[in-house]
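Residue numbers (our numbering), protein chains in the order written: chain A, 14 to 327; chain V, 403 to 626.
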């Protein structure tokens, strides 16, 4: 039970951080109260986890065989990595941290599903690129429809506000479906949890993070998106949701933050403006290498630390 | 769910927005009344009649301008009560502030005439009438343009061009009146008094032009 707390803690921090990517715009622009957004996000995260979270769990649990201690070590290593990367303001991905942790343990076990790892890494690279492409297509198609409707100021306002709430709910669903594996897949792999319990515990812990600690992140990160015009902000949330949802079907947990950056970049391409600083893109690249590496090292160090034995007389 | 049912759901979801919409129409109606009172009062002053009716109409202009101000404040409060997107809130507030400058000019002109007991010389009256007629025409077009922004965004661009032409026309008339005033044998003090009043009147079409361009920008911003 105590080892499972490490997973719950990871889910909690994931919910606290990633809720900003789904409802940040709506909350920061005060079109939706924080509590309404938090309830909607938690509900849809749980729904996404329960209905479509199994594929990601299958992928992660098959990366290597884990004992219960090792599973807990993976979760703690991922949580510590996320904290360190956040301190250094790098766009951290919980998915990369979890896989890094599993990788570290698999080096000790000398057992790694290379094919599975290849699939995961390819999807990481594809997340921002895919989100950018989806954002470009969505922008062009929806802009044509939006302009064609010839709505007045109040109608455009209502349509955009309602769409942002619907898109936020869909993005929450996609977040639950995609990221629940990060939280409890290692415990399924270790044989501690059944698939359904893992999905339920994972979904609930992400929801707990959203309800208890996402307010400040939602308001600060959301404000960056609000600087985009409302239509572009809608496209960003939708493109992010579709990208993350597609990876939920494939069964690879990816970073919602990186999907958001990709989508913002895509909107910039359509509008012919620079929406993402070069430094942010460089930070993503650094994060791709550093996050799994740091998590792997922490996992190995933690594993050795908990297996240290006091041997009197030696 | 039928069309009627869907409309009811939509109205329930956007109740505050509907309230703002209705208040804006009421605000515009009050501006129209203010403009009518101003026009009637000015007509009396041009007939050299600064009697009780003129004073009454000046007060009526002030009263409706104040009422419009109160409505604008109510709209602002409602908007800060989490209705509308921040961008829309900002656009509406800026627009209403700019429109509001016009009835303030109405009041200013009437109080100028009343407090300074101005007598407008006959030789400038036809041009002043023309200036006021074109300026008030522009103001009415501006109100219509604002209404189209909230009802249907059609025909806004055509109105921008007309209001812009009116503004040039008013500038031209204004310069002509001021020249004729300074060419006349009037007392220098009276010349300066009249110059101030004509410049103030000219501000109506200038401000109408600014409002019209603002409406156009708001419309353009909503095209993606």
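The beta carbon of each residue, even a glycine, is placed where N, CA and C say it ideally should be.
query	result
Those runs of the alpha helix (DSSP H) which lie wholly inside the segment 234-265 of chain A and span at least 4 residues	243-263
Cβ separation of residue 505(V) and residue 436(V), assumed to be a contact under 8 angstroms, to the nearest whole Å	5 angstroms
Buried or exposed (CB count within 10 angstroms, at least 16 for buried), residue 603(V)	buried
Member of 523(V), 577(V), 427(V) and 551(V) whose CA lies at the smallest distance from the CA of residue 605(V)	577(V)
Chain-ordered chain V contacts of residue 231(A) [CB-CB under 8 angstroms]	Simply none; closest approach about 15 angstroms.
CA nearest to the CA of residue 621(V), picked from 593(V), 594(V), 572(V) and 558(V)	558(V)
Own chain, CB closer than 7 angstroms to residue 33(A), minus 5 neighbours either side, in chain order	227, 230, 231, 234 and 235
Own chain residues within Cβ distance below 6 angstroms of residue 272(A), not counting five before or after	140, 144, 253, 256 and 257
Residue 480(V) versus residue 168(A): straight-line alpha-carbon distance, rounded	18 angstroms
Closer than 7 angstroms at the beta carbon, the chain A residues around residue 490(V)	166 and 170
Sub-7 angstroms separation of residue 383(V) and residue 565(V) beta-carbons	One cannot answer for residue 383(V) here, as it falls past the ends of chain V, which runs 403 to 626.
Whole-angstrom C-beta distance between residue 88(A) and residue 23(A), which should lie under 8 angstroms	5 angstroms
Neighbourhood of residue 511(V) by C-beta, 8 angstroms cutoff - its chain only, sequence neighbours within 5 removed	440, 444, 599, 602 and 603
Classification of residue 267(A) by the beta-carbon crowding that lies within 10 angstroms, buried from 16 upward	buried
The segment 152-171 of chain A in contact with the segment 62-81 of chain A per 3-pair CB rule at 8 angstroms	no
Length at least 4, wholly inside the segment 414-459 of chain V: the alpha helix (DSSP H) runs in chain order	417-448
Contact check, residue 597(V) vs residue 619(V), beta carbons under 7 angstroms	no
Same chain only: Cβ atoms within 6 angstroms of residue 498(V), ignoring 5 sequence neighbours per side	474
Limits of the alpha helix (DSSP H) - the one that residue 215(A) falls within	208-226
Three-way DSSP call (helix, strand, coil) for residue 191(A) in this model	helix
Cβ-based neighbour list, residue 208(A), same chain, cut-off 8 angstroms, excluding 5 preceding and 5 following	67, 70 and 201
Assigned exposure category for residue 548(V) - 16 Cβ within 10 Å defines buried	buried
Residue 42(A) at chain V interface by Cβ criterion, 7 angstroms	yes
Given residue 366(V) as reference, the closest of 420(V), 500(V), 458(V) and 452(V) once Cα atoms are compared	With chain V represented from 403 up to 626, any question about residue 366(V) goes unanswered, as that position is not in the structure.
Closer than 8 angstroms at the beta carbon, the chain V residues around residue 91(A)	Here the premise fails: no neighbours, minimum Cβ distance about 36 angstroms.
Partners in chain V for residue 156(A), counting only beta-carbon separations shorter than 9 angstroms	625 and 626
Nearest-angstrom Cα separation, counted from residue 261(A) out to residue 494(V)	42 angstroms
Integer Cβ distance of residue 496(V) from residue 616(V), believed to fall under 8 angstroms	7 angstroms
Contact residues within the segment 169-191 of chain A, judged by C-beta distance below 8 angstroms to chain V	169, 170, 171, 173, 174 and 175
Under 8 angstroms from the C-beta of residue 31(A): neighbouring residues of chain V	Those do not exist, as residue 31(A) stays about 23 angstroms from chain V at its closest Cβ, beyond 8 angstroms.
Among 212(A), 57(A) and 86(A), nearest to residue 318(A) - alpha-carbon criterion	86(A)
Meets three-Cβ-pair contact criterion under 8 angstroms: the segment 173-191 of chain A and the segment 237-246 of chain A	yes
Pairwise C-alpha distance: residue 152(A) and residue 404(A)	No information on residue 404(A) is available, as it lies outside the stretch 14 to 327 that chain A covers here.
Cross-chain neighbours of residue 244(A) in chain V, by beta carbon under 9 angstroms	624 and 626
CB contact below 7 angstroms: residue 499(V) versus chain A	no
Contact with chain V by residue 296(A), beta-carbon distance below 7 angstroms	no
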